[in-house]
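Undergrad:
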Amino acid sequence: MIRLNKMELSDLSLSDYSVSSMTLSADHKTITLHADGATLFSINEMGDIFDSCDLIIESPNEIKISLYDHEEKKWMDNTVGDVLKDVCELLIDDDIFLRGFGLNTGMWMEIKILKPTDVTAILN
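With UniProt numbering applied, the sequence shown corresponds to residues 1 to 124, in that order.
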């Protein structure tokens, strides 16, 4: 088992793996995501492959979920009910963005976590 903090997440890739579960806390300030694998590139150039990844992110701000409606050509904000099928993009800076396709809608989905206070990835 390897634990990663926010600074180490830039070496993590989830794009080749499915998301098996995603939960958002009742107050919309904590998201927990379980992926069926992960690749970590900091250990060696080829990347080490793990069987699973639990990503837990907490923020003092409400986590925003948006879907892109291609027919309307616009973003629909505060959309709750769909979950990520995969994480195609994991962008980490002061804020964290998780982007991929929705499992139920198939629409492009963005999860925006502003100023997270606690970020942990557990790789097995």
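Even for Gly, the Cβ is constructed at its ideal location relative to N, Cα and C. As the structure is a computational prediction, the values presented were derived from the model and not from experiment.
Please name the residue in 27, 71, 17 whose C-alpha comes closest to that of residue 100.
TA: 17
Undergrad: On a Cα-Cα basis, can you pick out the residue from 57, 80, 122 that is closest to residue 97?
TA: That would be 57, whose Cα lies nearest to the Cα of residue 97.
Undergrad: Short of 7 Å in beta carbon distance, which residues of its chain neighbour residue 85, apart from the five on each side in sequence? Order them along the chain.
TA: 18, 19, 100, 101, 102, 103
Undergrad: Give me the Cα-Cα distance between residue 53 and residue 90, rounded to the nearest whole angstrom.
TA: Cα-Cα distance, rounded: 13 Å.
Undergrad: For the beta strand (DSSP E) holding residue 112, just list the boundary residues, first then last.
TA: 108–113
Undergrad: Assign residue 116 to buried or exposed, taking buried as 16 or more other Cβ atoms, counted over all protein chains shown, within 10 Å of its Cβ.
TA: buried
Undergrad: Going by the DSSP bridge assignment, what does residue 89 pair with across the sheet?
TA: 99.
Undergrad: Rounded to whole angstroms, what's the CA-CA distance from residue 2 to residue 124? Just pull it up for me.
TA: A direct Cα-to-Cα measurement between residue 2 and residue 124 gives close to 7 Å.
Undergrad: Work out the CA separation of residue 9 and residue 66 for me, nearest whole Å.
TA: 22 Å
Undergrad: In whole angstroms, give me the CA-to-CA distance for residue 39 and residue 12.
TA: Whole-angstrom Cα-Cα distance: 6 Å.
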